[in-house]
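Input: a single structure, listed below in structure tokens.
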Amino acid sequence: MTSEHLPDQVVFLANIDWGASWQRHQAFASALAAEGRQVFFVEDMGLGTLCFGRLARRGPPGGTPPPAGLAVVSPVVLPPTCGLFRALNAAFLVPALVARLRRLGLDSGPAVICWLPTDTTLRVVDRLAPDRVVYDCVDDFYARPDRPGDLAESEAALLERADVVFNATPPLFDRNASRHPNVHLLQDDQAESSTEAQAVRAAGLIESAPRRPPAAPWEGTSWPTTPVSWGLCAFALALPFSLGGANVGWALAAAALLWEWRLGSRPFFAAARGPLWAPLWVYLAATLAADVLGHDPAHSLRYLNQDFHKVWVAALLSVAFARARPRAFPAVLAAAAAAAAVLGIWQY
Numbered sequence: 185m186t187s188e189h190l191p192d193q194v195v196f197l198a199n200i201d202w203g204a205s206w207q208r209h210q211a212f213a214s215a216l217a218a219e220g221r222q223v224f225f226v227e228d229m230g231l232g233t234l235c236f237g238r239l240a241r242r243g244p245p246g247g248t249p250p251p252a253g254l255a256v257v258s259p260v261v262l263p264p265t266c267g268l269f270r271a272l273n274a275a276f277l278v279p280a281l282v283a284r285l286r287r288l289g290l291d292s293g294p295a296v297i298c299w300l301p302t303d304t305t306l307r308v309v310d311r312l313a314p315d316r317v318v319y320d321c322v323d324d325f326y327a328r329p330d331r332p333g334d335l336a337e338s339e340a341a342l343l344e345r346a347d348v349v350f351n352a353t354p355p356l357f358d359r360n361a362s363r364h365p366n367v368h369l370l371q372d373d374q375a376e377s378s379t380e381a382q383a384v385r386a387a388g389l390i391e392s393a394p395r396r397p398p399a400a401p402w403e404g405t406s407w408p409t410t411p412v413s414w415g416l417c418a419f420a421l422a423l424p425f426s427l428g429g430a431n432v433g434w435a436l437a438a439a440a441l442l443w444e445w446r447l448g449s450r451p452f453f454a455a456a457r458g459p460l461w462a463p464l465w466v467y468l469a470a471t472l473a474a475d476v477l478g479h480d481p482a483h484s485l486r487y488l489n490q491d492f493h494k495v496w497v498a499a500l501l502s503v504a505f506a507r508a509r510p511r512a513f514p515a516v517l518a519a520a521a522a523a524a525a526v527l528g529i530w531q532y
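Numbered per the numbering used here, the sequence shown spans residues 185 to 532.
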């Protein structure tokens, strides 16, 4: 395989782990390592629902041992499914991953081959300052129910960075042919010899690809785009400040976490999400107002401090309501005020 114009270092941002069944990812990486290049195989960084068990299992690679010159890196990052996760990735986890690659010997200007068109991938790519970028489109991620809400925007940003785009199926090729000037069809084949030949062809296409002009840095969406995600960020921000004990407000916030991480992407729950977040906000706003209004002003601050988590949740959910449902917001606000009055009279 001849690839004189490829950088000496290649980073694979894969959508599988090294120990998965043998595919083009491992074949490409092994072929480049065999010709003397230094290869960094970063395992799956995640697309959808968070799996704590998978994070806990991060460690030495399984399956076929990696060849000489190929380092397998298990990343500790969060899936880009909500603003809180993205903020943590951008501030801490992605810089830590890049620093780890640097410690392993990665220099500036590598070639980067990407499989996941996500916020996480773009942040890693921008920090690596690559000499060239390849997007290997092997799956229709739009068909997945747990896909990130801004997948179209992040894929467009990856296409803007890519010097060449490979496609595993004709439908993917047809979709990307009008979106990028250098698109090629590399269909998957179960035969190992075909996979190796595919790697040879891929290397030739990469080295002959004309360079695209640098793209603007990816800013992404570091903050939530759904009302439930606003509540999650509010819950996280309130946690170190709240002096109150376990109560219904905490239970609702914990339920929101479960909703977003495990259930929010499923079709039934996704359809139900819109009608159900309104009662959560009404409850939090009403009980907060009742706590403050039900006592004399001298004691209001103390009760406000005890319910600080409700302050965060109600305030940020209010912003989300006003942005997502501007016409319905006055009616919901009136419902919260009425509920607060009823609770104030009933409790005090």
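In this text, a Cβ means the ideal position worked out from N, Cα and C, and glycines have one as well.
Since we're looking at a predicted model, the values are computed, not measured.
Quick one: what does DSSP say residue i is sitting in, helix, strand or coil?
i	result
N273	helix
A170	Residue 170 is absent from the model: the chain starts at 185 and stops at 532.
P303	Reading the sequence as shown, one finds Asp at residue 303 and not Pro. Three-state DSSP puts D303 in a helix.
F425	With a pLDDT of 45 at F425, under the threshold of 50, the predicted position of this residue should be treated as unreliable, though the coordinate-derived value follows. Correct three-state label for F425: coil.
P408	In this predicted model, P408 has a pLDDT of only 44, less than 50, meaning its place in the structure is not dependable; the value taken from the coordinates is given anyway. Note: P408 maps to coil in three-state DSSP.
L161	Since the first residue of the chain shown is 185 and the last is 532, residue 161 is not available in this structure.
R457	Note that R457 has pLDDT 49, beneath the 50 cutoff, so the model's placement of it is unreliable and no number is given.
V261	coil
Q210	helix
L389	helix
R316	strand
D216	In the sequence as displayed, the identity of residue 216 is Leu instead of Asp. L216: helix per DSSP, three-state reduction.
A204	coil
A400	coil
A383	helix
L290	coil
Under DSSP, the beta strand (DSSP E) around residue i begins and ends at which residues?
i	result
F350	V348 to N351
Q222	Q222 to V226
Along the chain, where does the alpha helix (DSSP H) containing residue i start, and where does it finish?
i	result
D358	P354 to A361
V322	No alpha helix (DSSP H) contains V322, which DSSP labels as neither H nor E.
A295	A295 -> not in any alpha helix (DSSP H); beta strand (DSSP E) instead, spanning A295 to C298.
S338	L335 to R345
A327	That residue, A327, is in no alpha helix (DSSP H); it is neither H nor E in DSSP.
A283	V278 to R287
Among the candidates the options, whose CA atom is the shortest distance from the CA of residue i?
i	options	result
F134	N199, V384 and A295	Any question about residue 134 goes unanswered here, given that the chain covers just 185 to 532.
W161	V195, G404 and P329	Nothing in the structure corresponds to residue 161, since the chain is present only between 185 and 532.
A341	L197, Q193 and P401	P401
F212	A381, H368, S392 and E403	A381
R221	D201, A336 and P251	P251
L197	L190, W206, P191 and Q210	Q210
Q193	D358, D291, N366 and L281	D291
L356	A274, A327 and D323	D323
G333	N351, A275, P354 and R270	R270
A383	L216, P259 and R328	L216
P249	A336, P279 and A204	A204
E339	L262, R359 and L190	R359
Y319	L277, P279, A327 and L370	L370
P365	D372, L343 and A386	L343
W206	D372, A274, A280 and V223	D372
C170	F276, D330 and C321	Past the edges of the chain, shown from 185 to 532, lies residue 170, and the structure says nothing about it.
L335	T304, A352, P354 and S362	T304
L190	V223, D201 and R208	V223
L301	G289, E337 and A327	The residue you asked about is not Leu; residue 301 is Pro in the sequence shown. Among G289, E337 and A327, the Cα nearest to that of P301 belongs to E337.
R363	W202, C321 and A387	C321
L277	V260, P354 and V367	V260
A387	D201, A218 and W202	A218
Please decide whether residue i counts as near chain D, where near means a Cβ-Cβ distance under 8 Å.
i	result
R284	In the structure shown, chain D cannot be found, because there is only a single protein chain.
Exercise. Is the region 309-325 close to the region 288-299, with three or more CB pairs under 8 Å?
Worked result: yes
Exercise. Taking contact to mean at least 3 C-beta pairs separated by less than 8 Å, is the region 253-265 in contact with the region 274-285?
Worked result: Remark: three or more beta-carbon pairs, one from each stretch, lie closer than 8 Å, so the region 253-265 and the region 274-285 are flagged as touching.
Problem set entry | Cβ contact (3+ pairs, closer than 8 Å) linking the region 384-401 and the region 346-355 | yes
For this session: Check whether the region 302-310 touches the region 212-231, taking contact to mean three or more Cβ pairs, one atom from each stretch, closer than 8 Å.
Result: yes
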